[in-house]
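Quick note, the working numbering runs 127 ahead of the 1-based positions in the sequence shown. In this text, a Cβ means the ideal position worked out from N, Cα and C, and glycines have one as well. From a predicted model like this one, the values you see are computed outputs, not experimental measurements.
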Amino acid sequence: QVQLVESGGGVVQPGGSLRLSCSASGRISSFRAMQWYRQAPGKERELVAIITSSGSTSYADSVKGRFTISSDSNENTVYLQMNTLKPEDTAVYFCSAQRVDASSLWGQGTQVTVSS
128 QVQLVESGGG VVQPGGSLRL SCSASGRISS FRAMQWYRQA PGKERELVAI
178 ITSSGSTSYA DSVKGRFTIS SDSNENTVYL QMNTLKPEDT AVYFCSAQRV
228 DASSLWGQGT QVTVSS
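Written out as structure tokens, the structure reads:
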């Protein structure tokens, strides 16, 4: 069973940047897609960014132009570069791997807090 471990969260001021990492214990190339979700207090989990096995990416409207998802298959790691952070980006960020049968694996999450 592949496991996902997120890291890179923390506290940052508005306008700052963070890079989240999602390290997989197995080959990420075996998954149909890798995704980043986030969940803010009292809100539902929302999809932030996705990168497919072919390298295609897509983003939530709220983060387009500010966040970039990328992957390194040699390192079995997926990244989320977050720039120009806003207080509304504060949430727990989760990495997810989508299998070919559409089921998903989840990491434990990493907290991102944007505050002055």
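Checklist entry - E171 by DSSP, collapsed to three states: which one? => result Locating residue 171 in the sequence shown gives position 44, counting from the first residue. In the structure shown, E171 sits in coil (DSSP, three-state: anything other than H, G, I, E or B).
Checklist entry - Does DSSP classify D199 as helix, strand or coil? => result Within the sequence shown, the letter at position 72 stands for residue 199. In this structure, D199 counts as strand in the three-state DSSP scheme.
Next on the checklist: Assuming V239 is part of the beta strand (DSSP E), what are its boundary residues?
Outcome noted: By 1-based counting over the sequence shown, the position of residue 239 is 112. Looking at the DSSP string, the run of the beta strand (DSSP E) that includes V239 is 237 to 241.
Item to check | Neighbourhood of R193 by C-beta distance below 6 Å, restricted to the same chain and skipping five residues each side | outcome: In the sequence shown, counting from the first residue as 1, residue 193 sits at position 66. Cβ within range, chain order: N210, T211.
Checklist entry - When the Cα atoms are used, what is the spatial distance from E133 to Q140? => result Your numbering for residue 133 matches position 6 in the sequence shown. Your numbering for residue 140 matches position 13 in the sequence shown. If I take the Cα positions, the gap works out to 21 Å.
Item to check | Contacts around S231, its chain only, beta-carbon distance under 7 Å, and the 5 residues preceding and following it disregarded | outcome: On the sequence shown, position 104 is the one that residue 231 refers to. Taken in chain order, the residues that qualify are S223, A224, Q225.
Checklist entry - Just the Cα atoms here: how many angstroms apart are A229 and F158? => result For this step, residue 229 is matched to residue 102 along the sequence shown. For this step, residue 158 is matched to residue 31 along the sequence shown. The alpha-carbon atoms of A229 and F158 are separated by roughly 9 Å.
Item to check | Environment of D199 [buried if 16+ CB atoms lie within 10 Å] | outcome: One-based indexing of the sequence shown puts residue 199 at position 72. The residue in question, D199, is exposed, as its Cβ has fewer than 16 Cβ neighbours within 10 Å.
Checklist entry - Which value, in whole angstroms, describes the spacing of the CA atoms of R154 and L174? => result Taking the first residue of the sequence shown as position 1, residue 154 is located at position 27. Taking the first residue of the sequence shown as position 1, residue 174 is located at position 47. The straight-line gap from Cα to Cα measures roughly 22 Å.
Next on the checklist: Please identify the residue among D188, T217, K191, L131 whose C-alpha is closest to the C-alpha of A167.
Outcome noted: Counted from its first residue, the sequence shown places residue 167 at position 40. Of the candidates D188, T217, K191, L131, the one whose C-alpha sits nearest the C-alpha of A167 is T217.
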